[in-house]
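Chains Z and L, in that order, are what the protein sequence lines are. Take the first sequence: its letter number 14 is residue 13 in numbering that gives the first Met the number 0, and every next letter is one higher. Take the second sequence: its letter number 20 is residue 19 in numbering that gives the first Met the number 0, and every next letter is one higher. First the structure, in the form of structure tokens, and then the observations on it.
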Amino acid sequence: MKRWAKIVLPVMVLALFVLVMTSDTYLKRPRSYKDDVGLHIHNVRSAVLAEDWAQGQASLAELDQAWRLMLARLQFSVERDEIRKLTTSLARLRGALLAQDKSGALMELAEAEQHWQDLGR
Amino acid sequence: MNESLVVVVRGLMAFFTLLIMTRAFGKQQVAQLDFFEYVLGISIGSIAATLTTDLSTKAFPQWVGLATWVGAVLVLQKANVKWRAVSKYFNGEPAIVVMDGKIMEKTMRRLRYTASDLLTQLRLKDVFDLSQVAYAVLETNGQLAVLLKPEYQPVVRKDMNLVGPPEAVTVELIFNGVIVEPNLQQAGVSQEWLLQQLRGQGIQDVSEVFLATINAQKQLYIDLYKDKIADWVDIDDEPQKRVRV
């Protein structure tokens, strides 16, 4: 192997690893409506505030879908605990919407939003 | 989240990071490491293992931790090479533990090196009698260097005014059934000559040869894939498990 390749190749491999491990900030940005977690949290909150529970359920389904898409992208660069906390928050939110519990749903939404913001920090 | 997949990806990153970074450590052998370097190696390996399997934290901070430890070792190594004072401070100095056949008790106490350690290391050097020892030096890596008294040193060719044949490193001519052509030129032999030698030993094809080397006296050593051994020596406790190759 040529001398320059002996230096350049390992440096490129290490740079690639750093890129994968620090890609969360870039990958967290939404690419479309489908994977915009922040927007869907906002939509669920608007429905809960308006006590439109059917719309709330529909928005939560979209939020779940967006979170699953994000999860596939972010799993290599973020910590598992934050992922679990956000997943648990969304499960609790589903229960609160079923029970039509406005204050419970708003609390879970606030927690889910906080976990989303903390993800990758 | 597919945890197994994440572990595989993080494991590969840790593996190749360690591989790349430790290549920079140079050719120091494990036997040459002192205790601190040995512990450093274990710590670095432990961080790499954590980077692989501890998914409760982000990979990057752990990777930075790994790089920091490797970087610190590299800095220390460079400093050791460049400044003798640094090397002396971190690695210590060799200490004479036997001088003219006398054990240096004070030095040994300071080094926490026991008489039993000394005798063990002497025996490993094939020295069973302390009175034969002129000097024994405990090196910084814990190895004992021994200089025997002149009357106990083995005779060498020079003592007898004998001149031996010139020595040189053996060269591989065939490796895994393939002729290593650049080495033919280096050894000063041709491919035809090599094939002729093989045929002379009843070998019809190069692919039958696992390894062939040549020494400075142009003597060939040939090992075949199919070894023809008449009296098989077995040292296995369970002969049925032995593998004939």
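Built from N, CA and C at the ideal position, the CB exists for glycine as well.
Every unbroken stretch of the alpha helix (DSSP H) spanning 4 or more residues and falling wholly within the region 59–147 of chain L is given here in chain order: 83–90, 104–110, 114–123.
When DSSP reads this structure, Asp158 of chain L sits in no beta bridge, so it has no partner. Closest in C-alpha terms to Val38 of chain L, from the list L:Asp158, L:Trp68, L:Val97, comes L:Trp68. Shown here for Asn42 of chain Z: same chain residues with a beta carbon closer than 6 Å to its own, the five before and five after excluded, namely Ser58 in chain order. Residues of the region 93–118 of chain Z with a C-beta less than 8 Å from any C-beta of chain L: none at all. Along the region 130–147 of chain L, none of the residues has a CB nearer than 9 Å to a CB of chain Z. Scanning its chain for C-beta atoms nearer than 6 Å, with the 5 sequence neighbours on each side dropped, one finds around Leu26 of chain Z the residues Arg72, Leu73, in chain order. Where Leu54 of chain L is concerned, there is no enclosing alpha helix (DSSP H), because DSSP gives it neither an H nor an E. For Ser76 of chain Z, the chain L residues whose C-beta falls within less than 8 Å of its own C-beta are Lys57, Ala58, Phe59, listed in chain order.
For Ile173 of chain L, the uninterrupted beta strand (DSSP E) segment begins and ends at 170–174.
Chain order gives the chain L residues near Pro9 of chain Z as Ile19, Arg22, where near means a beta carbon separation below 8 Å. Taken atom to atom, the span from the alpha-carbon of Glu61 of chain Z to that of Gln54 of chain Z is near 11 Å.
When the beta-carbon positions are compared, Ile213 of chain L and Tyr224 of chain L stay at least 9 Å from each other.
Within a 10 Å sphere around the beta-carbon of Gly119 of chain Z sit 16 or more other beta-carbons, which makes this residue buried. In the structure shown, Asp230 of chain L adopts coil according to DSSP, grouped into three states.
When rounded, the separation of the alpha-carbon atoms in Gln195 of chain L and Val6 of chain L is 55 Å. Leu13 of chain Z reaches chain L at Thr16, Ile19, counting residues in chain order whose Cβ is nearer than 7 Å. DSSP places Ala211 of chain L inside the beta strand (DSSP E), whose first and last residues are 208–213. Residue state for Ile202 of chain L is assigned as coil, using DSSP reduced to three classes. The CB of Leu54 of chain L comes closer than 8 Å to the CB of Glu78, Arg79 in chain Z, given here in chain order.
A Cβ-Cβ contact shorter than 9 Å links Leu146 of chain L with Ala133 of chain L.
C-alpha of Lys101 of chain L to C-alpha of Glu150 of chain L: approximately 17 Å in a straight line. Counting other Cβ atoms within 10 Å of its Cβ, Trp231 of chain L stays below 16 and is therefore classed as exposed.
In the DSSP annotation of this structure, the continuous segment of the beta strand (DSSP E) that includes Tyr220 of chain L starts and ends at 219–223. Assigned with DSSP and collapsed to three states, Val43 of chain Z falls in helix. Here Gln61 of chain L is buried: its Cβ has 16 or more other Cβ atoms, across all protein chains shown, within 10 Å.
Flagged as an interface residue toward chain Z: Arg9 of chain L, by a C-beta distance shorter than 9 Å. Interface flag for Asp23 of chain Z against chain L is set, since a Cβ pair is found closer than 9 Å. Chain-ordered, the chain Z residues with CB closer than 8 Å to the CB of Asn1 of chain L read Gln74.
Beyond the five residues adjoining it in sequence on each side, Val19 of chain Z comes within less than 8 Å, by CB distance, of Phe75, Ser76 in the same chain, given in chain order.
As a beta-bridge residue in DSSP terms, Val177 of chain L pairs with L:Phe174. Within 8 Å of the CB of Met20 of chain Z, the CB atoms of chain L belong to Met12, Lys57, Ala58, Phe59, Trp62, in sequence order along the chain.
Counted as a single uninterrupted DSSP element, the alpha helix (DSSP H) harbouring Arg79 of chain Z occupies residues 79–97. Assigned with DSSP and collapsed to three states, Thr16 of chain L falls in helix. Taking 9 Å as the cut-off, the beta carbon of Asp80 of chain Z is found no closer than this to the beta carbon of Ser3 of chain L. Taking Leu17 of chain L as the centre and dropping the five residues before and after it, the same chain places the C-beta of Ala47 closer than 6 Å to its C-beta, in chain order.
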